[in-house]
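So for the sequence shown, this note's numbering puts the first residue at 1; every next one is plus one.
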Amino acid sequence: MGELVHVDALGADGTYHTRRRLDITCVAGEKVGEISLASPLYVRRTMAALRTAPVARASDRFTMLERAADIYLNGTVGGMDADQYARTVSLVSGVPMSVVRDSVIGVADTLRALRRTAGLAMPVGAVADWDDPRTKSGSAVWTRKGEVFTVLASGNTPAVHGLWPEALALGYKVAVRPSNREPFTAYRLISALREAGFGNDVVALLPTDHQTADVLVSEADYAMVYGGQDVVDKYAGSPRVLPQGPGRCKVLVTKDVDWREKVDLIAGAVSHLGGTACICTTAVLVEGDPAPLAAALAEKLSRIPSLPADDPTAVLTVQQREQADRIDQHLRTVAHGTRAWLGGNGIVDQLPSGGVVLRPAVHEVSSPDASQLDVELPFPCVWVGPWSPEDGITPLRRSLAVTAMTEDRDLIGSLLREPTVTNVYLGDNPTTWIRPGVPHDGYLGEFLMRTKAVIR
Numbered sequence: 001m002g003e004l005v006h007v008d009a010l011g012a013d014g015t016y017h018t019r020r021r022l023d024i025t026c027v028a029g030e031k032v033g034e035i036s037l038a039s040p041l042y043v044r045r046t047m048a049a050l051r052t053a054p055v056a057r058a059s060d061r062f063t064m065l066e067r068a069a070d071i072y073l074n075g076t077v078g079g080m081d082a083d084q085y086a087r088t089v090s091l092v093s094g095v096p097m098s099v100v101r102d103s104v105i106g107v108a109d110t111l112r113a114l115r116r117t118a119g120l121a122m123p124v125g126a127v128a129d130w131d132d133p134r135t136k137s138g139s140a141v142w143t144r145k146g147e148v149f150t151v152l153a154s155g156n157t158p159a160v161h162g163l164w165p166e167a168l169a170l171g172y173k174v175a176v177r178p179s180n181r182e183p184f185t186a187y188r189l190i191s192a193l194r195e196a197g198f199g200n201d202v203v204a205l206l207p208t209d210h211q212t213a214d215v216l217v218s219e220a221d222y223a224m225v226y227g228g229q230d231v232v233d234k235y236a237g238s239p240r241v242l243p244q245g246p247g248r249c250k251v252l253v254t255k256d257v258d259w260r261e262k263v264d265l266i267a268g269a270v271s272h273l274g275g276t277a278c279i280c281t282t283a284v285l286v287e288g289d290p291a292p293l294a295a296a297l298a299e300k301l302s303r304i305p306s307l308p309a310d311d312p313t314a315v316l317t318v319q320q321r322e323q324a325d326r327i328d329q330h331l332r333t334v335a336h337g338t339r340a341w342l343g344g345n346g347i348v349d350q351l352p353s354g355g356v357v358l359r360p361a362v363h364e365v366s367s368p369d370a371s372q373l374d375v376e377l378p379f380p381c382v383w384v385g386p387w388s389p390e391d392g393i394t395p396l397r398r399s400l401a402v403t404a405m406t407e408d409r410d411l412i413g414s415l416l417r418e419p420t421v422t423n424v425y426l427g428d429n430p431t432t433w434i435r436p437g438v439p440h441d442g443y444l445g446e447f448l449m450r451t452k453a454v455i456r
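Have a look at this one:
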């Protein structure tokens with residue numbers, strides 16, 4: 001890649017080159033750069049500066065977000081133009097180049113849409129500002145519950161950075177701890193936001209070690225934290241923390257729908273974004289014998305070629321060998337007792353250029369209450385099992401999204417009423433469907449805002 005890339009902290013006083021640094025390596029294991037690690041003291045000072053920073057008017061915030069979208073998408077930031085940035089992210093994270101580019105476009109589109117979407121969570125009986133004419137006779141006013149919002153981001157794809165800018169649109173000050181594996185997206189986006197007009201004391205980049213990340217959470221009013229089930233469990237009792245954990249997205253196909261017409265759609269939802277996103281389908285339940293559907297999915301997914309992540313036609317993710325072997329061994333452990341249609345002999349495919357492709361896996365489980373149906377892995381891995389009307393929605397619980405391919409209105413109603421199912425998509429709408437303005441895990445505004453009664 002040439003010269004090493006340095007990612008420094010971006011605090012209230014500008015760029016901060018720390019003494020403690022962490023190597024950034026590509027999927028072939030070579031060092032490509034370094035990332036600063038901010039100390040607890042520096043984090044606390046920055047968070048204090050954010051807390052006292054003034055808030056720009058809403059119209060100005062939306063203008064700056066739109067300007068930032070253009071800089072993030074097309075500009076040269078930190079010495080990297082858009083192509084260099086996308087290639088660097090792909091080589092470091094192992095995310096296919098096409099996925100990186102699509103994710104970048106999605107983030108920019110989301111920033112541009114915030115003028116329209118940021119207020120969608122506001123109750124219809126509320127107004128956005130206290131000086132709205134309706135407060136003269138008394139009205140609810142949509143207002144922030146705090147001042148500072150922290151994000152502990154993951155490095156799955158650049159798309160994870162499409163959610164938190166809504167907090168800026170709502171008037172929060174934001175501190176982001178980037179993934180230490182792929183910090184380039186957060187650095188580029190925050191630099192673009194600053195260039196667009198957001199002050200250094202309004203949005204900050206604070207790379208840290210895991211222990212100091214807890215300081216970021218404790219110093220903020222509210223936080224959004226990405227991670228696995230351990231992260232969800234850690235913050236389950238905190239009303240100040242919004243965990244972004246496993247998606248466990250599922251598809252249900254009842255007997256009134258011909259699954260043979262849906263194989264391409266389901267396989268696409270399994271492999272979408274390289275299988276790394278929380279919206280990817282990880283389990284399929286079918287009324288009747290699951291074996292034919294499992295076989296068809298395995299045949300479809302087996303055709304995906306193993307390519308380097310920076311190949312423009314790549315679909316699958318690439319990892320360093322050690323990490324890939326750990327994932328492969330974990331799959332073998334959790335898949336015990338299932339029937340492997342694809343990936344039973346391993347999912348690791350070494351590339352001549354370095355790095356390892358994670359190949360798809362399809363396993364059939366014997367019952368709708370199999371534990372594997374709640375297992376989510378960071379590559380295209382799907383568990384296929386049987387379902388009957390007597391099972392109801394129990395096997396579909398604890399899902400970020402359920403695609404219900406059914407004509408059963410009572411079943412659809414039950415899914416909508418089920419509190420552990422976040423999103424319900426019907427027919428040919430895959431679990432990977434997402435649009436600006438439509439809630440992903442509820443509206444972020446539901447978490448960060450509240451109504452206050454105002455009369456003047």
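Backbone N, C-alpha and C fix where the C-beta goes; we use that ideal spot for every residue, glycine too. Treat the numbers as computed from the prediction; the structure is a model and nothing was measured.
Kindly indicate which three-state DSSP category residue i falls into: helix, strand or coil?
i, result
"LEU301", "helix"
"ILE412", "helix"
"ASP311", "coil"
"ILE327", "helix"
"ARG143", "The displayed chain sequence assigns Thr, not Arg, to residue 143. In this structure, THR143 counts as strand in the three-state DSSP scheme."
"ALA335", "coil"
"PRO123", "coil"
"ALA401", "strand"
"GLN244", "strand"
"ASN423", "strand"
"GLU364", "strand"
Can you list, in chain order, the residues of its chain whose CB lies under 6 Å from that of residue i, leaving out five sequence neighbours each side?
i, result
"ILE190", "LEU10, VAL203, LEU205"
"LEU416", "VAL424"
"GLY337", "none"
"THR110", "GLY162, PRO436"
"GLN350", "VAL356"
"GLY268", "none"
"VAL365", "THR338, GLN372, TRP383, GLY385"
"ALA335", "HIS363"
Is it buried or exposed, residue i, if we count other Cβ atoms within 10 angstroms and call 16 or more buried?
i, result
"SER90", "buried"
"THR212", "buried"
"ASN345", "exposed"
"VAL402", "buried"
"GLY274", "buried"
"LYS262", "buried"
"PRO386", "buried"
"ARG20", "exposed"
"THR420", "exposed"
"SER271", "buried"
"SER36", "buried"
"GLN229", "exposed"
"GLY125", "exposed"
"ARG57", "exposed"
"ASP8", "buried"
If we ignore side chains and look at the alpha-carbon of each, how far apart do residue i and residue j end up?
i, j, result
"ALA118", "GLU299", "43 Å"
"PRO54", "GLY445", "20 Å"
"THR150", "ARG181", "19 Å"
"ASP328", "ALA108", "35 Å"
"ARG188", "ALA324", "28 Å"
"PRO40", "ARG116", "37 Å"
"ALA291", "LEU152", "40 Å"
"ILE434", "LEU448", "21 Å"
"SER414", "ILE393", "7 Å"
"VAL231", "PRO243", "7 Å"
"ILE266", "VAL257", "13 Å"
"GLU390", "GLU287", "11 Å"
"ASP81", "ARG456", "51 Å"
"HIS6", "LEU301", "38 Å"
"ALA12", "ARG260", "56 Å"
"TYR172", "ARG144", "8 Å"
"CYS278", "GLY155", "12 Å"
"PRO395", "VAL251", "11 Å"
"TYR85", "ASP441", "28 Å"
"ASP60", "THR406", "46 Å"
Could you pull out every residue in the same chain whose Cβ sits closer than 7 Å to the Cβ of residue i, ignoring the five residues on either side in sequence?
i, result
"TYR443", "LEU120, ALA121"
"GLU376", "PRO246, GLY247, ARG248, THR282"
"GLY14", "ASN200"
"ALA186", "ALA153, HIS161, VAL176, PRO178, LEU205"
"VAL174", "PHE149, VAL151, TRP164, ALA167, LEU168, VAL203"
"VAL99", "THR157, LEU273, GLY274"
"ALA113", "PRO436, GLY437"
Grab me the residues of residue i's own chain with a C-beta within less than 8 Å of its C-beta, minus the 5 sequence neighbours each way, in chain order.
i, result
"VAL454", "TRP130, THR135, GLY138, SER139, ALA140, VAL141"
"VAL241", "VAL217, TYR222, ALA223, MET224, VAL225, TYR235"
"PHE379", "GLY274, GLY275, THR276, LEU316, THR317, ILE327, ILE347, LEU358, ARG359, PRO360, ALA361"
Following a CB-centred definition, is residue i positioned closer than 7 Å to any heavy atom of the ligand MG?
i, result
"ALA9", "This structure does not include the ligand MG; it has no bound ligands of any sort."
Is the number of C-beta pairs between the stretch 353-373 and the stretch 315-324 that are closer than 8 Å three or more? A contact exists between the stretch 353-373 and the stretch 315-324.
contact_flag[the stretch 90-100, the stretch 21-37] where n(CB pairs < 8 Å) is 3 or more: Yes, since at least three Cβ pairs between the stretch 90-100 and the stretch 21-37 fall closer than 8 Å, the two stretches touch.
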